[in-house]
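*Asks:* This is the structure, below, for whatever I ask next.
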Amino acid sequence: MKNKLTDSLDAAIERGRIDLDARMRALAGKLAYADTAYALPVTYAVTGIAVRDADGAREAYKQSGNNLLVACECLMAGEGGVPSPYTGFIPDAVLRRLGYTLVDGSVIGLGLLVGTPESPDAAAAVCREMQEKYLLTFLAGGVVGALSGAGVRLGLDYRLVPLGPQSARGIHFADILARVAMMFGGVQPGDVHSLLGYAAERAKAFVIAFPDLTDEETAFVDALRVLGIPILAAGEGYGGGAWVPVAPAEAVRTGMDLRGIRVTVTAIPIPMACSPAFEGKSIRREEMYVEFGGGRTPAFELLRMRPREEVEDGKVTVVGPEVDAVLEGSALPLAIQVDVAGAKMKTDYEPVLERRIHTFINYGEGSWHVAQRDLIWVRLSKEAVAKGVRIRDIGTLLAHKLRMEFPDHIDAVQVTLVTDGQKVEEMLAKARAVYAARDERIAGMKDEDVETFYSCTLCQTFAPNHVCVITPERPALCGAITWLDARIAHEITPAGANQPVPKEEAVDAVYGEFSGVNRFVKKASHGEVDRISLYSMIENPMTACGCFECIAAIVPEVNGILIVSRDFAGETPLGMTFSTLAGTIGGGAQTPGFIGISKNYILSDRFLQAENGIARVVWMPAPLKEELGDRLRAKLAAQGMSDLFEKIADEVSAPTIEDLIAFLERVEHPALTMRSLI
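Taking the numbering used here, the leading residue of the sequence shown gets 1169, the next gets one more, and so forth.
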């Protein structure tokens, strides 16, 4: 680019526009992205046309006023997919899994890097800063090869997503913004005014453009400005136009300032980087230096509230062998004991803070953690150990993050890490007694036992009218927050997303409609929702944002309900995939007959009780049945329906509606003789 833009960016943009016009006229064949309910998403959002072929693309391009983003998307779809390690188009299911990170604070902005950096090391520094600043970063063009050559690890797990080898593959950055608007924000396809307003106000995004873009790529990147996205020109040779010239070292700070993104990052004194960007990574067996637990050795974690005089703030103690005293590939026992003290700390907070151990250990670039309590599995990578990481550093990481995240409730933290096998076994028995006492406190809690439910409005970042109401028997639809979690979160952060919702009078106890809940939801949804029924999917169902774990949908032909989880890629007997179904219920809208739910809600006594609950379920994917497995069987047995588990069809026994009808009649499923759902 720097050789072409001797006068201004405007000239290259105009040349690129002409080239795109010509290529659109020559476009031929079928056009499609796999695993999406939104056709070509940018084009669909702008025009309302679900493009499937070249003729449809040209018509949409014409209706869009020759929009360059539409042209670029159609052309990229025409070129097909991209080879590994590029991701190309991000499927709907993956985007929905990312949804919660976009609202829980672990991702606070989006970035796109395009072009070829003059210095790979400078580009690597930009990416590391974006990881540390909680930004989800997409890459397209020569920057991908430059970063790989500089040893930077790329992929969704590292929040550095390589879209494709051409900078124009950055169109997938735009299609993510378009789908977020439609999935979460309730923007209707073809409502370009709402799309532009949503993107400008809610999508905290910016682009960093390195040199050597073609004219077409220049035109495409510039077209992103219509979405309210600033373009930062990181390199020499950019003249004219509306792009913001910036040195690579200042690009991230400048982009964050332009989009009003604020984050404070405090360095932790250990020899590895720490960021939410590393939370989704894995450390494979061949990459690990040492591991703890995971079935090979005993391992557990326990966070305890202690008197202030018993906690020495910042103290980290290792009892037993350190990493440098064992051979590569070793498996050691491990006890992680975290003692906290604080004037506002309560015993009820212990399990909530304890679950943060999982999150914080995964923030380490070279540390990995799975599960909780006495089922944990922890690994340190060879690369991290080679850089000097030791077991002690896990304790330092936990102590710093707990103090940073909970400054009003924790005055002091000390961490003890035990790798001595005999000592771990002794401590484990005491830890299990603590776990049992906690479980006893909350076991069997029912909705009628409390006078207050809790809201969650985290997702209003992207779904401004959605309100999740969490009860003891109905977790948040994302599966991440229980009633106890929400109650404690409110106590810790009174002005946060989890607010108390008084039940007040029961308008209808069977449907789960309460006057206080209705009043709260109407206010919190900005007047868009007047009534919700917490236990029904047909009468005033609760709204959904887009990051639900499962969808429940009525199947009128068999008078039943099917459940599909977001990790199931196939079609349901309704002839629709999860993504297609999800496109009908997101964005804060009420859609009778369809509802987003968490997996654990399926096991609740309150599960869709207005529609006869679990007895109505006629189909769910085999992996979901297997995951719920023993817990679902126990629930059915407790309700006197021990044989129902085998009567619930799956994608093997009933892939189509005709197969489902035949299967249910053969096994005599109770839904067939129940009152009509419609």
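Ideal placement from N, C-alpha and C gives every residue a C-beta, glycine not left out. If you're wondering where the values come from, they're calculated on a predicted model, not measured in any experiment.
1. I'd like to check one pair, PRO1357 with MET1351: are the Cβ atoms closer than 9 Å?
2. Is the beta carbon of ILE1339 closer than 9 Å to that of LEU1237?
3. Is the CB-CB distance between GLU1300 and ALA1417 below 9 Å?
4. Rounded to a whole number of angstroms, what is the C-alpha to C-alpha distance between ARG1264 and LYS1793?
5. Among PHE1374, GLU1673, GLN1758, LEU1364, which one has its Cα closest to the Cα of MET1298?
6. Could you work out which residue in THR1204, LEU1195, ASN1780, PRO1519 is closest to ALA1657 when comparing CA atoms only?
7. So within the segment 1354-1388, which uninterrupted alpha helix (DSSP H) runs reach at least 4 residues, ignoring any that extend past its ends?
8. Bridge partners for GLY1277 per DSSP, in chain order?
9. Do you know offhand how far LYS1598's Cα is from ASP1561's?
10. Look up ILE1719 in the DSSP assignment and say whether it is helix, strand or coil.
11. Run through the DSSP bridge pairs and tell me what GLU1681 is partnered with.
12. In this structure, how does DSSP classify TRP1411 when only helix, strand and coil are distinguished?
13. Going straight from the alpha carbon of GLU1551 to that of ARG1453, what length do you get?
14. Excluding five sequence neighbours on each side, which residues of the same chain lie with their C-beta closer than 6 Å to the C-beta of ARG1547?
15. Shorter than 8 Å, the distance from the beta carbon of VAL1420 to the closest heavy atom of the ligand GTP, or not?
16. Are the CB atoms of VAL1414 and THR1485 nearer to each other than 9 Å?
17. Return the CA-CA distance between LYS1170 and THR1284, expressed in angstroms with no decimal places.
18. Using a 10 Å radius around the Cβ and a threshold of 16 neighbouring Cβ atoms, would you call THR1434 buried or exposed?
19. Let's test the definition: count the other Cβ atoms within 10 Å of the Cβ of ASP1425 and tell me whether it reaches 16, buried, or not, exposed.
20. Closer than 6 Å by C-beta to ALA1368: which residues in its own chain qualify, once you throw out the five before and the five after it? Chain order, please.
21. To the nearest whole angstrom, what separates the beta carbons of LYS1815 and VAL1835, a pair I think is in contact under 8 Å?
22. Alpha carbon to alpha carbon, how far is VAL1394 from TYR1366? Give it in angstroms, no decimals.
23. Give the secondary structure of GLN1231 by DSSP, where H, G and I count as helix, E and B as strand, and everything else as coil.
24. Which class does ARG1609 belong to by DSSP, given the choice of helix, strand or coil?
25. Thinking C-beta only, is PRO1330 closer than 9 Å to VAL1312?
26. For SER1733, count neighbouring Cβ atoms within 10 angstroms of its own Cβ and tell me buried if that reaches 16, exposed if not.
27. Any chance you could list the alpha helix (DSSP H) runs of at least 4 consecutive residues sitting entirely within the segment 1548-1627, in chain order?
28. What are the boundary residues of the beta strand (DSSP E) that ASP1507 is part of?
29. Give the secondary structure of GLU1496 by DSSP, where H, G and I count as helix, E and B as strand, and everything else as coil.
30. Using the Cα positions of GLN1758 and VAL1219, report the straight-line distance between them to the nearest angstrom.
31. Rank PRO1823, SER1772, GLY1589 by C-alpha distance to the C-alpha of LEU1742 and give the top, closest one.
32. Looking at the structure shown, is GLU1533 part of a helix, part of a strand, or coil, going by DSSP?
33. Evaluate contact between the segment 1219-1231 and the segment 1273-1283, counting only Cβ atoms and requiring at least three cross-stretch pairs below 8 Å.
34. When you compare only the Cα positions, how much space is there between PRO1838 and VAL1553?
35. Do you know whose CA, among GLY1695, MET1192, ALA1503, lies nearest LEU1470's CA?
36. Is the beta carbon of LEU1280 sitting closer than 9 Å to the one on THR1255?
*Replies:* Checking against the coordinates, here is how it stands:
1. No, these two residues do not count as a Cβ contact at 9 Å.
2. Yes, these two residues count as a Cβ contact at 9 Å.
3. For GLU1300 and ALA1417, no; Cβs fall outside 9 Å.
4. Cα to Cα, the separation comes out at about 21 Å.
5. It is PHE1374.
6. Of the listed residues, the one whose Cα sits closest to ALA1657 is PRO1519.
7. Here the runs fully enclosed are 1360-1370.
8. Bridge partners of GLY1277: LEU1303.
9. If you take the alpha carbons of LYS1598 and ASP1561, they lie about 25 Å apart.
10. Looking at ILE1719 - three-state DSSP - the assignment turns out to be strand.
11. Paired residues: ASP1676.
12. Secondary structure at TRP1411: coil, using DSSP grouped into helix, strand and coil.
13. Per the coordinates, the alpha-carbon of GLU1551 lies some 13 Å from the alpha-carbon of ARG1453.
14. Excluding its 5 nearest sequence neighbours in each direction, ARG1547 has C-beta neighbours in its own chain below 6 Å: ILE1451, MET1456, GLU1459, TRP1536, listed in chain order.
15. The ligand GTP is not part of this structure, which contains no ligands at all.
16. No. Outside cutoff.
17. Note that LYS1170 has pLDDT 41, beneath the 50 cutoff, so the model's placement of it is unreliable and the number below is only indicative. Going from the Cα of LYS1170 to the Cα of THR1284 covers about 11 Å.
18. The C-beta of THR1434 has fewer than 16 other C-beta atoms within 10 Å across all chains shown, which makes the residue exposed.
19. ASP1425 is exposed by the Cβ-count criterion.
20. Annotation for ALA1368: GLY1396 place their beta carbon closer than 6 Å to its own, counting only its chain and skipping 5 residues before and after.
21. Confirmed, Cβ separation roughly 4 Å.
22. Approximately 12 Å, taken between the alpha carbons.
23. Three-state DSSP puts GLN1231 in a helix.
24. Reduced to three states, the DSSP call for ARG1609 is helix.
25. Contact: yes.
26. Its Cβ being crowded by 16 or more others within 10 Å, SER1733 is buried.
27. Listed in chain order, they are 1550-1554, 1559-1573, 1589-1610.
28. Residues 1502-1509.
29. The answer is coil: DSSP assigns GLU1496 none of H, G, I, E or B.
30. If I take the Cα positions, the gap works out to 27 Å.
31. Among PRO1823, SER1772, GLY1589, the Cα nearest to that of LEU1742 belongs to PRO1823.
32. Residue state, collapsed to three classes: coil.
33. In short, these stretches do not touch, since the Cβ pair count stays below three.
34. Distance between the alpha carbons of PRO1838 and VAL1553 is about 58 Å.
35. Here the closest residue by C-alpha is ALA1503.
36. The Cβ-Cβ distance between LEU1280 and THR1255 does not fall below 9 Å.
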